[in-house]
Amino acid sequence: DTAVSQTPKYLVTQMGNDKSIKCEQNLGHDTMYWYKQDSKKFLKIMFSYNNKELIINETVPNRFSPKSPDKAHLNLHINSLELGDSAVYFCASSPGRSPYNEQFFGPGTRLTVL
Amino acid sequence: AQSVTQLDSHVSVSEGTPVLLRCNYSSSYSPSLFWYVQHPNKGLQLLLKYTSAATLVKGINGFEAEFKKSETSFHLTKPSAHMSDAAEYFCVVSEDNTGKLIFGQGTTLQVKP
Numbered sequence: 043d044t045a046v047s048q049t050p051k052y053l054v055t056q057m058g059n060d061k062s063i064k065c066e067q068n069l070g071h072d073t074m075y076w077y078k079q080d081s082k083k084f085l086k087i088m089f090s091y092n093n094k095e096l097i098i099n100e101t102v103p104n105r106f107s108p109k110s111p112d113k114a115h116l117n118l119h120i121n122s123l124e125l126g127d128s129a130v131y132f133c134a135s136s137p138g139r140s141p142y143n144e145q146f147f148g149p150g151t152r153l154t155v156l
Numbered sequence: 010a011q012s013v014t015q016l017d018s019h020v021s022v023s024e025g026t027p028v029l030l031r032c033n034y035s036s037s038y039s040p041s042l043f044w045y046v047q048h049p050n051k052g053l054q055l056l057l058k059y060t061s062a063a064t065l066v067k068g069i070n071g072f073e074a075e076f077k078k079s080e081t082s083f084h085l086t087k088p089s090a091h092m093s094d095a096a097e098y099f100c101v102v103s104e105d106n107t108g109k110l111i112f113g114q115g116t117t118l119q120v121k122p
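Following this line, the structure appears as structure tokens:
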């Protein structure tokens, strides 16, 4: 199926650990994004890559590091996890950076930090 | 700076009655506006988008929205609610060439039998 996929779907871990979330899209899109959805369901962009180049880096702690090995993949690594990192993380992709483009979202990764 | 305000955090309707979800935006330029839907424990799906063409936009599942520049509004409507419409709805604005989306706070739509 053509889609945006994320792994894992659920991630439960202890404070201080390091974890990664992987995202892959097979839509042939050039641009990929990471969003964070908090407990009140508010969604905020974290990062965006266009053809492996970082183009959006919001005010996110530097414990969060995105990596794009190729334009079909955008992974998110989080160091020294904190309780406040608990959220649902969504990956998305779009054909390009135009404001007219629809973004296609993955199913989300629910991260719980204990 | 662009922003979006969804005027209702929670809307409850009976099945078969009309749906109105309200959204106001603030933008320095001519924005692109979207409505996305999120069903429980799912990702987001595009319902419809406005990109400076027709001001009345039709989307999937019978939803439509009207762009009103004078009122800076982009309200979402549906003539007759279905139980499967129960979900979280997000009004979203985008205006620059980074692809950055600015989300509203979301409106939870409850549909009662």
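So the sequences go chain by chain: A and B. Here the first sequence stands for residues 43 to 156, where the numbers follow the numbering used here. Here the second sequence stands for residues 10 to 122, where the numbers follow the numbering used here. Here a beta-carbon is modelled for each residue, glycine too, at the ideal position from N, C-alpha and C.
Name, please, each residue of chain A whose Cβ falls closer than 8 Å to the Cβ of residue i.
{"i": "N106/B", "result": "R139, S140, P141"}
Under 6 Å Cβ to Cβ from residue i, same chain only, skipping five residues before and after it: list those, please.
{"i": "P122/B", "result": "E24"}
{"i": "Y77/A", "result": "L85, I87, F132"}
{"i": "I97/A", "result": "S90"}
{"i": "P88/B", "result": "P27"}
{"i": "Y59/B", "result": "L42, V66, F76"}
At a Cβ threshold of 8 Å, is residue i touching chain A?
{"i": "K78/B", "result": "no"}
{"i": "S82/B", "result": "no"}
{"i": "S103/B", "result": "yes"}
{"i": "T14/B", "result": "no"}
Between residue i and residue j, how many whole angstroms is the CB-CB distance? I'm expecting something under 8 Å.
{"i": "T116/B", "j": "S18/B", "result": "6 Å"}
{"i": "S41/B", "j": "I111/B", "result": "11 Å between Cβ atoms; not a contact."}
{"i": "F83/B", "j": "Y45/B", "result": "About 12 Å; that fails the 8 Å criterion."}
{"i": "G150/A", "j": "G52/B", "result": "6 Å"}
What is the DSSP secondary structure of residue i, counted as helix, strand or coil?
{"i": "S93/B", "result": "helix"}
{"i": "D17/B", "result": "coil"}
{"i": "N121/A", "result": "coil"}
{"i": "D127/A", "result": "helix"}
{"i": "N70/B", "result": "helix"}
{"i": "M88/A", "result": "strand"}
{"i": "S39/B", "result": "coil"}
{"i": "S79/B", "result": "coil"}
{"i": "L118/B", "result": "strand"}
{"i": "L156/A", "result": "coil"}
{"i": "N68/A", "result": "coil"}
{"i": "A10/B", "result": "coil"}
{"i": "H48/B", "result": "coil"}
{"i": "K51/A", "result": "coil"}
{"i": "V102/A", "result": "coil"}
Under 7 Å Cβ-Cβ, which residues of chain B neighbour residue i?
{"i": "P149/A", "result": "K51, G52"}
By the criterion of Cβ-Cβ separation under 9 Å, what are the contact partners of residue i in chain A?
{"i": "G115/B", "result": "K82, K83, F84, L85"}
{"i": "S21/B", "result": "Within 9 Å Cβ-Cβ: nothing; S21/B doesn't reach chain A, min ~17 Å."}
Can you give me the Cβ contacts of residue i inside the same chain, cut-off strictly under 7 Å, excluding the 5 residues immediately before and after it?
{"i": "E66/A", "result": "S47, A114, H115"}
Check whether the Cβ of residue i lies closer than 8 Å to any Cβ atom in chain B.
{"i": "F106/A", "result": "no"}
{"i": "S90/A", "result": "yes"}
{"i": "T49/A", "result": "no"}
{"i": "E144/A", "result": "yes"}
Can you list, in chain order, the residues of its chain with a C-beta nearer than 8 Å to that of residue i? Leave out the 5 residues immediately preceding and following it.
{"i": "E73/B", "result": "L57, L65, V66, K67, L85, T86, K87"}
{"i": "K51/A", "result": "P149, G150, T151, R152"}
Would you mind telling me which residues of chain A sit closer than 7 Å to residue i, beta carbon to beta carbon, in chain order?
{"i": "S41/B", "result": "P141, Y142"}
Starting from the beta carbon of residue i, find every residue of chain B whose beta carbon is closer than 8 Å, and list them in chain order.
{"i": "I97/A", "result": "T107, G108"}
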